[in-house]
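Visitor:
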Amino acid sequence: MASYYNENTILYLNGEFVKASEAKTDLYGQSLHYGYAVFEGIRSYRNVEGQTKIFKATEHFERLKNSAKALNLPYPWSTEELIGSTYQVLAKNNLQDAYIRPLVYAPANMSFALNTESHIAIEAWEMAPFLGDKLLRVMVSGFQRPNPKGFKIEAKASGHYVNSILASQEAKAAGYDEALLTDMNGYVAEGPGANVFFEKDGTLVTPATGNILPGITRATVIEICRELEFPVEEKLFTTAELKEADTAFFCGTAAEVIGWESLDGTLFKKRWNGSLGQQIQLAYQNRVIERQPEEKCIELENA
Ligand code: PMP
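The opening position of the sequence shown corresponds to residue 228 in our numbering, with each subsequent residue numbered one higher.
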């Protein structure tokens, strides 16, 4: 098992900075028993100037607030204050390239009733950037994403991740790297913790919202496509259409942009190297560390 903290690790808990090894919570709450909690997955990067920068911090903390609202969890914090506390967590732990995990959870209450307050923890641990070099062998999961009429599917709710865990474990047990889940109607939805894009004849395609977590990386990829003038389309499509694609990739805060080798053993038609997906991957890597790709061109022109 990975080690997320040691004796010196500090986390943020309800307004205080405490040692992770000494932080306490109770065992009588809806969050642990019923999965009734919301969280975020955020990354910070050491930028080209050596500063620590949280990527899309506002977007992530706004989504945390919206997820809490969707689940009727009280949320008294401001985005600004939580971003400030997160930078303090990073500084106190000497972290630059890190994964950041805020969690909003319920106080002691074993009934299904509303609470009058929530707890918040912000944890962080080291995560090296750009690990996704290897192409993924993906399997269409036997599990579908939760029915959006049964869950607030656009919220990043802890309980939804039982579905992700089952799908990911199933794919790994079958010898694949990761799962791809369909929605309740059989259309492609997303991975257990990432959104999906494919490239076909020069156009990028991604599932429309409604049955997916609308990822912040997905939005960033769409922004990059607009900048690079790659046509991009949001629509419903089947796994059969996806298997006919030129290339495909997952994108998410943790996954960043990571290409696929195959889906259910069907290899993609084009090589990842030189694909539009790879150009998006490179643009994403520049963006998170605030490197201007144009700077290089200007330098070269001046040289
Ligand atoms: N879908 C699911 C189910 C996820 O857990 C994640 C990771 N948060 C994503 C998509 C990608 O979202 P983001 O780009 O905001 O990390």
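A virtual CB, placed ideally from N, CA and C, is assigned to each residue, including glycine.
So what does DSSP say about residue 275, is it helix, strand or coil?
Guide: The residue labelled residue 275 in the question sits at position 48 within the sequence shown. Reduced to three states, the DSSP call for residue 275 is coil.
Visitor: Does the distance between the C-beta of residue 478 and the nearest non-hydrogen atom of the ligand PMP fall short of 7 angstroms?
Guide: Start at 1 with the first residue of the sequence shown, and residue 478 comes out as number 251. Result yes, Cβ under 7 angstroms from the ligand PMP.
Visitor: Near residue 409, which residues of its chain fall below 8 angstroms by C-beta distance, leaving aside the five closest residues on each side in sequence?
Guide: Locating residue 409 in the sequence shown gives position 182, where the first residue counts as 1. If we look at residue 409 and ignore the five residues flanking it on each side, its Cβ neighbours are 367, 368, 371, 372, 415, 416, 466.
Visitor: By DSSP, does residue 422 sit in helix, in strand, or in coil?
Guide: Here the question's residue 422 lines up with position 195 in the sequence shown. Looking at residue 422 - three-state DSSP - the assignment turns out to be strand.
Visitor: Considering only heavy atoms of the ligand PMP, does any lie closer than 7 angstroms to the CB of residue 285?
Guide: On the sequence shown, position 58 is the one that residue 285 refers to. False, no ligand heavy atom lies under 7 angstroms from that Cβ.
Visitor: For residue 289, does the three-state DSSP call read helix, strand or coil?
Guide: The residue labelled residue 289 in the question sits at position 62 within the sequence shown. Three-state result, residue 289: helix.
Visitor: Do residue 265 and residue 294 have their C-beta atoms closer together than 8 angstroms?
Guide: Sequence index remark: in the sequence shown, residue 265 carries index 38 (1-based). Sequence index remark: in the sequence shown, residue 294 carries index 67 (1-based). Yes, the Cβ-Cβ distance between residue 265 and residue 294 is below 8 angstroms.
Visitor: In the structure shown, what three-state DSSP assignment does residue 281 receive?
Guide: As a position in the sequence shown, residue 281 is number 54, starting the count at 1. In this structure, residue 281 counts as strand in the three-state DSSP scheme.
Visitor: Drop a sphere of 10 angstroms on the beta-carbon of residue 438, count the other beta-carbons inside from all chains shown, and report buried for 16 or more, exposed for fewer.
Guide: Locating residue 438 in the sequence shown gives position 211, where the first residue counts as 1. Buried, by the Cβ-count rule.
Visitor: What does DSSP give as the partner residues of residue 332 in its beta bridges?
Guide: In the sequence shown, counting from the first residue as 1, residue 332 sits at position 105. Answer by DSSP bridge pairing, in chain order: 264, 346.
Visitor: According to DSSP, is residue 382 part of a helix, a strand, or is it coil?
Guide: Here residue 382 refers to the residue found at position 155 of the sequence shown. Reduced to three states, the DSSP call for residue 382 is coil.
Visitor: Compute the distance between the beta-carbons of residue 300 and residue 345, then report whether it is under 8 angstroms.
Guide: Locating residue 300 in the sequence shown gives position 73, where the first residue counts as 1. Locating residue 345 in the sequence shown gives position 118, where the first residue counts as 1. Yes; because the gap between Cβ atoms is below 8 angstroms, this pair is in contact.
Visitor: Cβ-heavy atom distance between residue 252 and the ligand PMP below 7 angstroms?
Guide: Taking the sequence shown and counting its residues from 1, one reaches residue 252 at position 25. No; taking the cut-off as 7 angstroms, the Cβ of residue 252 has no heavy atom of the ligand PMP nearer than that.
Visitor: Helix or strand or just coil, what does DSSP make of residue 514?
Guide: Within the sequence shown, residue 514 is the residue found at index 287, counting from 1. Residue state, collapsed to three classes: helix.
Visitor: Measuring CB to CB, does residue 515 end up less than 8 angstroms from residue 282?
Guide: Residue numbering aside, residue 515 sits at position 288 when the sequence shown is read from its first letter. Residue numbering aside, residue 282 sits at position 55 when the sequence shown is read from its first letter. Going by C-beta atoms, residue 515 is nearer than 8 angstroms to residue 282.
Visitor: Go ahead and pull the three-state DSSP assignment for residue 433.
Guide: Position 206 of the sequence shown holds residue 433. Of the three classes helix, strand and coil, the one that applies to residue 433 here is strand, per DSSP.
Visitor: Can you tell me whether residue 423 is buried or exposed, with buried defined as 16 or more other CB within 10 angstroms of its CB?
Guide: Sequence index remark: in the sequence shown, residue 423 carries index 196 (1-based). The residue is buried, with at least 16 neighbouring Cβ atoms inside 10 Å.
Visitor: By the 10 Å Cβ neighbour count, where 16 or more other Cβ atoms means buried, how is residue 233 classified, buried or exposed?
Guide: By one-based count along the sequence shown, residue 233 stands at place 6. Residue 233 is exposed by the Cβ-count criterion.
Visitor: At the level of alpha carbons, what is the spacing between residue 254 and residue 340?
Guide: Taking the sequence shown and counting its residues from 1, one reaches residue 254 at position 27. Taking the sequence shown and counting its residues from 1, one reaches residue 340 at position 113. Rounded to whole angstroms, residue 254 to residue 340 spans 17 angstroms at the Cα level.
Visitor: If you draw a straight line from the alpha carbon of residue 473 to that of residue 407, how long is it in whole angstroms?
Guide: On the sequence shown, position 246 is the one that residue 473 refers to. On the sequence shown, position 180 is the one that residue 407 refers to. Their Cα atoms are separated by approximately 17 angstroms.
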